[in-house]
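S.K.: Protein chains in written order, with the working numbering: chain A, 1 to 160; chain B, 1 to 99; chain C, 1 to 627.
A virtual CB, placed ideally from N, CA and C, is assigned to each residue, including glycine.
From a predicted model like this one, the values you see are computed outputs, not experimental measurements.
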Amino acid sequence: MITWLLCAVVVVGAVWVVSLRNLFRAALSLGLVLVGVAGLFLTLGAEFLAFVQILIYVGAVLTLVVFAIMLTSRATSAEPADVSRYRLPAVIVSGALFGLLLSVTSTLRPPALPGASEGAVTVSALGQALVTTFVLPFEVISVLFVAAMVGAIAVASAKK
Amino acid sequence: MAPHPLLFTSCALVALGVYGILTRRNAIGILLAIELILNAASLNFILFGRWVGGVDGQAFAIFVIALAACEAAVGLAIIMGLYRTAKTVLADEVNLLKG
Amino acid sequence: MLAWIPGLPLAAFAVLILVGRRLGRASAWVSVAALASSAFLTLQLTPHVLDGQRLAVSWRWLSATDPAWFLGLAVDRLSWVMLVLVTVIGTLITIYSIGYMQDDARFSRFFAYLSLFCAAMLGLVMANHFVLLYACWELVGLCSYLLISFWFEKPEAARAGRKAFLTTRVGDTGLLIGILALWVTAGQLHLGRLEEIRTFFVLRDQTWWLTIISTLIFLGAVGKSAQIPLHVWLPDAMEGPTPVSALIHAATMVAAGVYLVARTLPLFTPESLRLVLWIGLATHLFAGTVALTMTDIKRVLAYSTISQLGLMMTALGLGAASSAMFHLSTHAFFKALLFMAAGSVIHATHRQDLRELGGLGRHLPWTRALFLIAALSMGGFPLLSGFWSKDAILLSAREHAPWLMWTLLGGAAVTAGYIFRLYLRCFHGSPVASGCGTPHDSPAVMILPMAALGLGAAFAGFAGPGVFHVHGGLDVPMLISSSVALSIGVTLAFAVGLKRRVLVPAVLRPLGTKLYRLAANKYYVDEAYQRWIIGPFLDATAWLSRFDRRIIDGAVDAAGLGGWRIGQWKERFDRVVIDGIVNGIALVTRSIGHVVRRAQTGVIHHYLFWVVAASVMLMLWIRAVSA
Numbered sequence: 001m002i003t004w005l006l007c008a009v010v011v012v013g014a015v016w017v018v019s020l021r022n023l024f025r026a027a028l029s030l031g032l033v034l035v036g037v038a039g040l041f042l043t044l045g046a047e048f049l050a051f052v053q054i055l056i057y058v059g060a061v062l063t064l065v066v067f068a069i070m071l072t073s074r075a076t077s078a079e080p081a082d083v084s085r086y087r088l089p090a091v092i093v094s095g096a097l098f099g100l101l102l103s104v105t106s107t108l109r110p111p112a113l114p115g116a117s118e119g120a121v122t123v124s125a126l127g128q129a130l131v132t133t134f135v136l137p138f139e140v141i142s143v144l145f146v147a148a149m150v151g152a153i154a155v156a157s158a159k160k
Numbered sequence: 001m002a003p004h005p006l007l008f009t010s011c012a013l014v015a016l017g018v019y020g021i022l023t024r025r026n027a028i029g030i031l032l033a034i035e036l037i038l039n040a041a042s043l044n045f046i047l048f049g050r051w052v053g054g055v056d057g058q059a060f061a062i063f064v065i066a067l068a069a070c071e072a073a074v075g076l077a078i079i080m081g082l083y084r085t086a087k088t089v090l091a092d093e094v095n096l097l098k099g
Numbered sequence: 001m002l003a004w005i006p007g008l009p010l011a012a013f014a015v016l017i018l019v020g021r022r023l024g025r026a027s028a029w030v031s032v033a034a035l036a037s038s039a040f041l042t043l044q045l046t047p048h049v050l051d052g053q054r055l056a057v058s059w060r061w062l063s064a065t066d067p068a069w070f071l072g073l074a075v076d077r078l079s080w081v082m083l084v085l086v087t088v089i090g091t092l093i094t095i096y097s098i099g100y101m102q103d104d105a106r107f108s109r110f111f112a113y114l115s116l117f118c119a120a121m122l123g124l125v126m127a128n129h130f131v132l133l134y135a136c137w138e139l140v141g142l143c144s145y146l147l148i149s150f151w152f153e154k155p156e157a158a159r160a161g162r163k164a165f166l167t168t169r170v171g172d173t174g175l176l177i178g179i180l181a182l183w184v185t186a187g188q189l190h191l192g193r194l195e196e197i198r199t200f201f202v203l204r205d206q207t208w209w210l211t212i213i214s215t216l217i218f219l220g221a222v223g224k225s226a227q228i229p230l231h232v233w234l235p236d237a238m239e240g241p242t243p244v245s246a247l248i249h250a251a252t253m254v255a256a257g258v259y260l261v262a263r264t265l266p267l268f269t270p271e272s273l274r275l276v277l278w279i280g281l282a283t284h285l286f287a288g289t290v291a292l293t294m295t296d297i298k299r300v301l302a303y304s305t306i307s308q309l310g311l312m313m314t315a316l317g318l319g320a321a322s323s324a325m326f327h328l329s330t331h332a333f334f335k336a337l338l339f340m341a342a343g344s345v346i347h348a349t350h351r352q353d354l355r356e357l358g359g360l361g362r363h364l365p366w367t368r369a370l371f372l373i374a375a376l377s378m379g380g381f382p383l384l385s386g387f388w389s390k391d392a393i394l395l396s397a398r399e400h401a402p403w404l405m406w407t408l409l410g411g412a413a414v415t416a417g418y419i420f421r422l423y424l425r426c427f428h429g430s431p432v433a434s435g436c437g438t439p440h441d442s443p444a445v446m447i448l449p450m451a452a453l454g455l456g457a458a459f460a461g462f463a464g465p466g467v468f469h470v471h472g473g474l475d476v477p478m479l480i481s482s483s484v485a486l487s488i489g490v491t492l493a494f495a496v497g498l499k500r501r502v503l504v505p506a507v508l509r510p511l512g513t514k515l516y517r518l519a520a521n522k523y524y525v526d527e528a529y530q531r532w533i534i535g536p537f538l539d540a541t542a543w544l545s546r547f548d549r550r551i552i553d554g555a556v557d558a559a560g561l562g563g564w565r566i567g568q569w570k571e572r573f574d575r576v577v578i579d580g581i582v583n584g585i586a587l588v589t590r591s592i593g594h595v596v597r598r599a600q601t602g603v604i605h606h607y608l609f610w611v612v613a614a615s616v617m618l619m620l621w622i623r624a625v626s627a
């Protein structure tokens, strides 16, 4: 029951994100979506991921986005119509994509496996996996972080 | 046959994200739509991970979140640079690649 | 060790030409030291040579030919005499030049050329192969050009150098053709094998080849030794510094021709020897009479040299090579001395015209004494060196034909006449106002070499029997007749040359004047050359130039015009057809581009739209296929 509720919140929030004219409100709707997805994570037994979602997305990414919106507000507020005129082709394409994805996924059901859906994954198991099985992607992600940080600073810093 | 509610949700997120990318003129709005798609991906990872069992799904969800953070940082930096250079954040007004 | 003899002066040349300017005054002594060392080395060879040995050193030079060419140096009696002359007289002249050239701006350059001149001459006389000889021969010619036109600021000097070079080139070309002919016919150019070559031709009954080749070689000697008709360069060569004249006339340049004929005498046939004889005799008498009329000191000496060279050639034509070489040696001493004395006079008075000179005997006692010794020697005063060598030639002539002896005695009288005319006009008689203060004798650095040469001029004749194997002892009739010739010459010189006594009977006077004018104008040889050779040559070149301008240039211009027309037509073709094709292709491409570039809007939404739409279509298609 609570899953259905959260799903409804997420979908409605997502519609707001892409349709609201005011970009600030769209960003707040994105926060709603993110929190809803975090709730869905909880129902799926991924508590750690839920907290990470709240911390990083809502706490960091969304804050950055809001900052950016406010910094460029002079440009955005002067713009009367933020949503472009190519709405009909976009509706057609994304509708087709939605139908396609639904038709693919509608037949999927949870498998009747013995270990399936038997409670939450522990944080310690997740950590163990990250530094053993997934140590290479983990390291690559670390390097990516550094590169992104340097790149962001380099691109955004005012150089004359 | 009705689809699983979470799968329906993620499909809707992807479709809405694509719609947002195609219709938003503001670059920050495009960034928000991309976040929707990324969330759909991590939702699917966790769902299928739970169905299959083990920690693999959640581990990849962590990577997706990390990538999303990076993407947001770099994307916003590019937007700030663009704003400084072109005095606009409207993506369809930036046409340096016009042939 | 032989290679050191020409090598040392060559090294001196290299040193002086490279660092001579830095050496300054010392450069002269480099040259002197090199030449003196060569002289010392040469004198060390004396005992071997007088034993009749032939010293040689050679090295394989060209092995592609058959037989291989061995270039090298060789010294026999003939070369040794020349070596002594060149090194000893060259050394003395070089020392003398230190005084003569002391104020010259190109002091070291002069000594560099002088060293090269001597080195080339030494190489020439030591060469054992025609090719090496020819190389040195040309080098001698080059050096004479450099030295005669040493004061090239003077146009006359530059012209004289050019004249000397071009005139001798005529002879050199003959020599070159002769050498080539020898190579083609006999295939042997080694100077030590001349007898073999002669036998080769005689055995095949082809002596006419020998006549041709020897005549060509003699042509080279005619050019270098200033015989008729190529004598014209030598009087003009007086424009060079006086030491150069001394060197050219005594030891190097002109001696080369005599040496060449003496060296290649085995190749000469009776026919070519007769040619040598006649040319030598004609030159002897012709130049002697011209010398009687010249007023320039150095020109008198120049014609005297030509005359004496003619005498040597006469001796060679008689086949008396040893007499010729003997006279060449004694002549080298007294002629070098005469030139140095003349240089001393010029140095003292800055004048060289006899009409402006006179009575210098008081002021230049040393010069006068040495000049007198040289003049007596040249005139054939008994027991002086010239007497011996001249009598040797006269004796050869008497064996050949008495008329020839009498002719040569007449020539001897002429010789005595002009040389004493020169002596008397210079050092005796009334002094002509010279206008530049009292002239005084030259410095010791000039007088001492002259004194050394004076000894040679006086006593070199006693070497005759030992070195040259000429007739020993005194031939009394010859002594008397040559002394009479000398006395006649001196008397006439005193009477006509100094006292201006007119001896010609009135009847013959117009003829005498005519003859005098003929001789004074050097028999119009230069004018004849100008009129008959140079003039027509210039006319021919002018005509050829006109031909070039009209016909050749016309043809060239027409070809050019035709080419231009064709070019214009091709240009039009290019513009219309080729450019049309190229531009058409470009136009088509551009219009396609115009259409296609519409897709490149630069707007990211368009790109994204097509990416997403295409992806969706692709997935739908895959699904339709897999279903």
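Have a look at C:Leu408, C:Ala457, C:Trp61 and flag the residue whose alpha-carbon is nearest the alpha-carbon of C:Gly280.
M.R.: The option with the nearest alpha carbon to C:Gly280 is C:Leu408.
S.K.: Using a Cβ cut-off of 9 Å, which residues of the segment 596-616 of chain C contact any Cβ in chain A, in chain order?
M.R.: Listed by position, the residues of the segment 596-616 of chain C near chain A (Cβ gap below 9 Å) are His605, His606, Phe609, Val612, Ala613, Ser615, Val616.
S.K.: DSSP state of C:Asp353, grouped into three classes?
M.R.: Residue state, collapsed to three classes: strand.
S.K.: Between C:Trp61, C:Val170, C:Pro449, which has its C-alpha nearest C:Tyr96's C-alpha?
M.R.: The residue with the shortest Cα to Cα distance from C:Tyr96 is C:Pro449.
S.K.: Which residue's Cα is closest to the Cα of C:Glu356: C:Tyr100, C:Ile297, C:Phe130, C:Phe326?
M.R.: The residue with the shortest Cα to Cα distance from C:Glu356 is C:Ile297.
S.K.: Enumerated in chain order, which unbroken segments of the alpha helix (DSSP H) with a length of 4 residues or greater are wholly contained in the segment 322-394 of chain C?
M.R.: Fully enclosed alpha helix (DSSP H) runs of 4 or longer: 365-379.
S.K.: Going by Cα to Cα distance, which pick from B:Val94, B:Ala61, B:Ala73 is closest to A:Ala156?
M.R.: Ranking the options by Cα distance to A:Ala156, first place goes to B:Ala73.
S.K.: Quick one: which chain B residues come within Cβ less than 7 Å of A:Val121?
M.R.: Near A:Val121 (Cβ distances below 7 Å), the residues of chain B are Val55, Gln58.
S.K.: Tell me which residues share the same chain as A:Ala78 and place their Cβ nearer than 6 Å to its Cβ, disregarding the 5 neighbours each side in the sequence.
M.R.: With a pLDDT of 47 at A:Ala78, under the threshold of 50, the modelled position of this residue cannot be trusted; read the value that follows with caution. None.
S.K.: Whose Cβ in chain B lies nearer than 8 Å to the Cβ of A:Val52?
M.R.: The answer, in chain order, is Ile62, Ile65.
S.K.: If you reduce the DSSP assignment to three classes, tell me which class C:Trp151 lands in.
M.R.: Three-state DSSP puts C:Trp151 in coil, outside helix and strand.
S.K.: Helix, strand or coil: how does DSSP classify C:Phe200 here?
M.R.: Helix, per DSSP.
S.K.: Any beta-carbon of chain E closer than 9 Å to the one on B:Val89?
M.R.: Protein chains A, B and C are contained in the structure displayed, whereas chain E is not.
S.K.: On a Cα-Cα basis, can you pick out the residue from C:Ser37, C:Ala256, C:Ala12, C:Tyr423 that is closest to C:Ala28?
M.R.: Minimum Cα distance to C:Ala28 is reached at C:Ala12.
S.K.: The segment 7-21 of chain A: which residues have C-beta closer than 7 Å to a C-beta of chain B, in chain order?
M.R.: Correct list: Cys7, Val10, Val11, Ala14, Val15, Val17, Val18.
S.K.: So with Cβ pairs under 9 Å, would you call C:Arg623 a contact of chain A?
M.R.: Interface residue, yes.
S.K.: Which residue comes first and which comes last in the beta strand (DSSP E) that contains C:Gly72?
M.R.: Counting along the chain, the beta strand (DSSP E) containing C:Gly72 begins and ends at 69-75.
S.K.: I'd like to know whether the C-beta of B:Val74 is nearer than 9 Å to at least one C-beta of chain A.
M.R.: Answer yes: the Cβ-Cβ gap between B:Val74 and chain A drops below 9 Å somewhere.
S.K.: Whole beta strand (DSSP E) runs in the segment 3-55 of chain B with 3 or more residues, listed along the chain?
M.R.: Qualifying beta strand (DSSP E) stretches: none in this window.
S.K.: Could you compute how far the alpha carbon of C:Tyr100 sits from the alpha carbon of C:Gly343?
M.R.: Their Cα atoms are separated by approximately 8 Å.
S.K.: Counting only beta-carbon separations shorter than 9 Å, does A:Val35 have a partner in chain C?
M.R.: No - not a single Cβ of chain C is within 9 Å of the one on A:Val35.
S.K.: Given a threshold of 16 other Cβ atoms within 10 Å of its Cβ, counted over all protein chains shown, does C:Ser430 qualify as buried or as exposed?
M.R.: The residue in question, C:Ser430, is exposed, as its Cβ has fewer than 16 Cβ neighbours within 10 Å.
S.K.: Under 7 Å Cβ to Cβ from C:Ala460, same chain only, skipping five residues before and after it: list those, please.
M.R.: Same-chain partners within the cutoff: Ser329, Thr330, Phe333, Ser385.
S.K.: Hey, how far is the Cα of B:Pro5 from the Cα of A:Trp4?
M.R.: Taking the straight line joining both Cα atoms gives about 7 Å.
S.K.: Between the alpha carbons of C:Arg421 and C:Gln308, how many angstroms are there, rounded?
M.R.: In a straight line, the C-alpha of C:Arg421 is about 17 Å away from that of C:Gln308.
S.K.: Tell me whether the beta-carbon of C:Ile228 lies closer than 9 Å to the beta-carbon of C:Met312.
M.R.: For C:Ile228 and C:Met312, no; Cβs fall outside 9 Å.
S.K.: Counting only the same chain and skipping the five closest in sequence on each side, list residues whose C-beta sits under 6 Å from that of C:Ala341.
M.R.: Thr367, Leu370, Phe371, listed in sequence order.
S.K.: Any C-beta of chain C sitting closer than 9 Å to the C-beta of A:Ala78?
M.R.: The predicted model places A:Ala78 with a pLDDT of 47, which falls under 50 and marks its position as unreliable; any figure quoted below should be read in that light. Output row for A:Ala78: interface = no.
S.K.: Quick one, which residues of the segment 32-51 of chain B are near chain C if we go by CB-CB under 7 Å, in chain order?
M.R.: Cβ contacts with chain C come from no residue of the segment 32-51 of chain B.
S.K.: Using a C-beta to C-beta distance shorter than 8 Å, which residues of chain A count as neighbours of C:Leu620?
M.R.: Going along chain A in sequence order, the residues near C:Leu620 (Cβ under 8 Å) are Ala96, Leu100.
S.K.: So, does the segment 126-146 of chain C touch the segment 198-206 of chain C, judging by three or more C-beta pairs under 8 Å?
M.R.: Judged by Cβ distances under 8 Å, the segment 126-146 of chain C makes no contact with the segment 198-206 of chain C, as fewer than three pairs qualify.
S.K.: Using three-state DSSP, classify C:Ala226 as helix, strand or coil.
M.R.: DSSP places C:Ala226 in coil when its eight states are reduced to three.
S.K.: Roughly how many angstroms separate the alpha carbons of C:Arg575 and C:Ile604, rounded to a whole number?
M.R.: If you take the alpha carbons of C:Arg575 and C:Ile604, they lie about 44 Å apart.
S.K.: With distance defined between alpha-carbon atoms, name the residue in C:Gln53, C:Arg77, C:Thr42 nearest to C:Phe326.
M.R.: That would be C:Arg77, whose Cα lies nearest to the Cα of C:Phe326.
S.K.: So what's C:Ala127 in DSSP terms, helix, strand or just coil?
M.R.: Strand, per DSSP.
S.K.: Is the separation between the beta-carbon of B:Ile62 and that of A:Leu62 shorter than 9 Å?
M.R.: Contact flag unset, no.
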